[in-house]
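Novice: One structure, pasted below without further comment.
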Amino acid sequence: MPGLDPGIHRFREMDRRVEPGDDACKDPIMATHKLLLLPGDGIGTEVMAEVSRLIDWLNKAGIAKFETEHGLVGGAAYDADKVAITDATMALAQASDAVIFGAVGGPKWDGVPYEARPEAGLLRLRKDLALFANLRPAVCYPALAEASSLKPDVVEGLDIMIVRELTGGVYFGEPKTITDLGNGQKRAVDTQVYDTYEIERIGRVAFDLARKRRNKVTSMEKRNVMKTGVLWNEVITAVHDREYKDVQLEHQLADSGGMNLVKWPKQFDVIVTDNLFGDMLSDIAAMLTGSLGMLPSASLGEVDAKTGKRKAMYEPVHGSAPDIAGKGMANPVAMLASFGMALRYSLDMGDLADKLDAAIAAVLAKGLRTADIKSEGTNVVSTSQMGEAIVAELQALHG
Ligand code: NAD
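One rule links them: number in this note's numbering = place in the sequence shown (from 1) + 18.
Written out as structure tokens, the structure reads:
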């Protein structure tokens with residue numbers, strides 16, 4: 019296709035759903051995938067243990083070949099090295115095919131120096147790996163439609179993908195200051211800035227994803243009151259007209275888009291939006307599906323022209339949940355589904371990712387629940403029992 023940068027083809031290749039019969043497990047020269055596991059703090063370590071269980075089984079069963087490194091991040095890294103992530107761990111992240119991240123933070127580290135706070139580890143990973151595209155799917159498993167705060171018919175079968183620009187906009191724009199005006203008043207300034215290339219590259223991620231889904235992109239901004247909204251709208255439209263005419267594109271103002279997300283979310287397929295609106299809209303979409311413990315995410319960087327690979331990090335949306343840490347109550351689904359996104363978007367194992375999704379849906383359909391998603395008549399299990407059940411179901415799906 020004319021006008022496309024080579025990275026676009028690579029993205030499509032990675033997103034390809036492998037056809038039955040060409041499963042990685044039948045490949046005699048199986049690729050080795052290098053993963054960096056960063057469990058972090060609190061329930062991060064508990065849910066990451068379930069990813070390790072899955073990786074061990076996949077390696078033993080000969081379905082995939084993973085080489086894993088482990089590192090400290092967040093409070094755990096501070097306790098060991100007085101930083102939120104060391105240079106050595108960053109080097110491992112740079113050298114990996116995908117970083118699998120748990121969660122960081124907790125009251126224990128509330129008083130540590132600002133630059134060493136747990137979140138600084140996460141921010142450094144995002145910044146140094148230049149992860150500009152944040153993908154947050156909101157999928158409502160049929161068995162959990164009752165758990166949403168919305169009516170079941172509004173959310174049942176919901177499957178949307180929010181693509182948020184992650185490295186630009188008002189969170190990073192300069193100037194970013196608080197000035198003392200000297201008359202008892204202060205002035206705070208944040209700056210919303212976007213350049214054409216930043217909007218083009220996030221737009222391409224959204225359009226490429228839509229082509230593998232239901233072929234529709236909704237772009238959200240505030241062009242009625244913001245210059246960045248005017249440019250966002252202009253650039254997304256131009257990328258569409260130039261490269262993606264086959265994909266349906268619609269524009270919504272971000273505020274009415276938020277309204278539509280709770281009114282009739284099934285109208286959306288892929289939503290693309292900036293850093294600030296994406297932060298809010300993806301949290302709204304998150305609650306459509308019931309629990310924080312169910313929500314995975316992916317953050318992708320540019321394709322490296324030399325290797326053809328993208329830097330990428332996969333993490334659950336939730337935090338370290340100090341209130342339930344160490345009790346074996348954490349829901350591992352968000353973490354396992356994040357690993358599933360790594361299979362799909364970084365490791366070219368779309369078939370296995372589909373099976374993992376199916377295994378999660380099957381376990382939920384059988385009535386197994388962690389405490390956060392329990393309802394009447396369901397069977398409440400621990401983090402490890404849930405992880406075990408999902409791996410067993412995946413094993414059954416593999417025959
Ligand atoms: P949180 O996501 O940790 O928890 C919010 C609520 O959801 C809690 O009641 C928790 O028990 C529940 N919950 C979250 N994940 C769950 C799971 N997998 N299974 C069952 N229940 C789950 O958010 P918070 O309480 O606002 O923050 C706690 C700590 O986590 C803070 O230090 C915060 O800074 C940090 N945090 C880290 C990240 C990250 O690492 N990406 C994200 C958000 C918050």
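All C-beta atoms in this analysis are idealised placements derived from N, C-alpha and C, irrespective of residue type, glycine included.
Give the single residue among Leu-249, Glu-174, Arg-205, Val-211 whose Cα lies nearest to the Cα of Tyr-189.
Specialist: In the sequence shown, the residue the question calls residue 189 occupies position 171. The shortest Cα separation from Tyr-189 among Leu-249, Glu-174, Arg-205, Val-211 belongs to Val-211.
Novice: Using a Cβ distance threshold of 8 Å, determine whether the stretch 331-346 contacts the stretch 50-70, with at least three qualifying pairs required.
Specialist: At 8 Å Cβ cutoff, the stretches touch.
Novice: Just curious, the alpha helix (DSSP H) that Asn-77 is in, first and last residue?
Specialist: What you label residue 77 is simply residue 59 of the sequence shown in a count that begins at 1. Where Asn-77 is concerned, the enclosing alpha helix (DSSP H) stretches over 61-78.
Novice: Report the residue from Asp-369, Tyr-332, Ala-376 whose alpha carbon sits nearest the alpha carbon of Ile-118.
Specialist: In the sequence shown, counting from the first residue as 1, residue 118 sits at position 100. Comparing Cα positions, the closest option is Tyr-332.
Novice: Mind the definition here: the stretch 141-156 touches the stretch 369-377 only if three or more C-beta pairs lie below 8 Å; say whether that holds.
Specialist: No, the stretch 141-156 does not touch the stretch 369-377.
Novice: My assumption, with CB atoms under 8 Å, is that Ala-316 sits in contact with Met-353. Please give the rounded CB distance.
Specialist: Start at 1 with the first residue of the sequence shown, and residue 316 comes out as number 298. Start at 1 with the first residue of the sequence shown, and residue 353 comes out as number 335. Their Cβ separation, rounded to whole angstroms, is 13 Å, which puts Ala-316 and Met-353 out of contact at 8 Å.
Novice: Can you list, in chain order, the residues of its chain whose CB lies under 8 Å from that of Glu-278, leaving out five sequence neighbours each side?
Specialist: The residue given as residue 278 occupies position 260 in the sequence shown. Strictly speaking, residue 278 in this sequence is Asn, with Glu absent from that position. Same-chain partners within the cutoff: Gln-270, Gln-285, Phe-286.
Novice: For Gly-405, which three-state DSSP category applies?
Specialist: Walking along the sequence shown from the start, residue 405 turns up at place 387. Three-state DSSP puts Gly-405 in a helix.
Novice: Taking all protein chains shown into account, decide if Ala-206 is buried (16 or more other Cβ within 10 angstroms of its Cβ) or exposed.
Specialist: As a first step, residue 206 is located in the sequence shown; it is residue number 188 there, counting from the start. Looking at its Cβ environment, which holds fewer than 16 other Cβ atoms inside 10 Å, Ala-206 is exposed.
Novice: Is Ala-339 a contact residue of the ligand NAD, with contact defined as CB to any heavy atom under 7 Å?
Specialist: Start at 1 with the first residue of the sequence shown, and residue 339 comes out as number 321. Yes, Cβ of Ala-339 sits closer than 7 Å to a heavy atom of the ligand NAD.
Novice: Check for me: the beta strand (DSSP E) holding Asp-198 runs from which residue to which?
Specialist: The count along the sequence shown starts at 1 and reaches residue 198 at position 180. Here the beta strand (DSSP E) through Asp-198 covers 191-198.
Novice: For Leu-365 versus Asp-74, is the C-beta distance shorter than 8 Å?
Specialist: Locating residue 365 in the sequence shown gives position 347, counting from the first residue. Locating residue 74 in the sequence shown gives position 56, counting from the first residue. The answer is no: Cβ separation not under 8 Å.
Novice: For Val-7, collect the residues of the same chain with a Cβ closer than 7 Å to its Cβ; drop the 5 residues on either side in sequence, then sort them by chain order.
Specialist: The structure shown does not extend to residue 7, since the chain is modelled only from 19 to 417, so the question has no answer here.
Novice: Considering only residues of the same chain and omitting the five flanking positions on each side of Lys-392, which have a CB-CB separation below 7 Å?
Specialist: For the purposes of this step, residue 392 is taken as the residue at position 374 of the sequence shown. Result list for Lys-392: Val-398, in chain order.
Novice: What whole-angstrom Cβ distance do Thr-307 and Ala-348 have, given they're in contact under 8 Å?
Specialist: In the sequence shown, the residue the question calls residue 307 occupies position 289. In the sequence shown, the residue the question calls residue 348 occupies position 330. The pair is not a contact, with the Cβ atoms about 17 Å apart (cut-off 8 Å).
Novice: Can you give me the Cβ contacts of Ala-148 inside the same chain, cut-off strictly under 8 Å, excluding the 5 residues immediately before and after it?
Specialist: Stepping through the sequence shown from its first residue, residue 148 is reached at position 130. Result list for Ala-148: Thr-185, Gly-319, Glu-320, Lys-329, in chain order.
Novice: So, at 6 Å on beta carbons, what are the nonlocal neighbours of His-416 in its own chain, with the 5 sequence-adjacent residues on each side left out?
Specialist: Working through the sequence shown from its first residue, we reach residue 416 at position 398. Hits under 6 Å: none found.
Novice: Measure the alpha-carbon distance for Gly-395 versus Ala-165 and round it to whole angstroms.
Specialist: Within the sequence shown, numbered from 1, the residue matching residue 395 stands at position 377. Within the sequence shown, numbered from 1, the residue matching residue 165 stands at position 147. Gly-395 and Ala-165: Cα-Cα distance of roughly 13 Å.
Novice: Suppose you measure from the CA of Leu-199 to the CA of Gly-129; what does that come to, to the nearest Å?
Specialist: As a first step, residue 199 must be located in the sequence shown, where it is residue number 181. As a first step, residue 129 must be located in the sequence shown, where it is residue number 111. The straight-line gap from Cα to Cα measures roughly 30 Å.
Novice: Say yes only if the C-beta of Ile-61 is nearer than 7 Å to one or more non-hydrogen atoms of the ligand NAD, and no if none qualify.
Specialist: One-based indexing of the sequence shown puts residue 61 at position 43. True, at least one ligand heavy atom lies under 7 Å from that Cβ.
Novice: With which residues is His-88 paired in a DSSP beta bridge?
Specialist: In the sequence shown, the residue the question calls residue 88 occupies position 70. Partner(s): Leu-55.
Novice: Within the present structure, is the beta-carbon of Gly-346 separated from the nearest heavy atom of the ligand NAD by less than 7 Å?
Specialist: On the sequence shown, position 328 is the one that residue 346 refers to. Result no, Cβ not under 7 Å from the ligand NAD.
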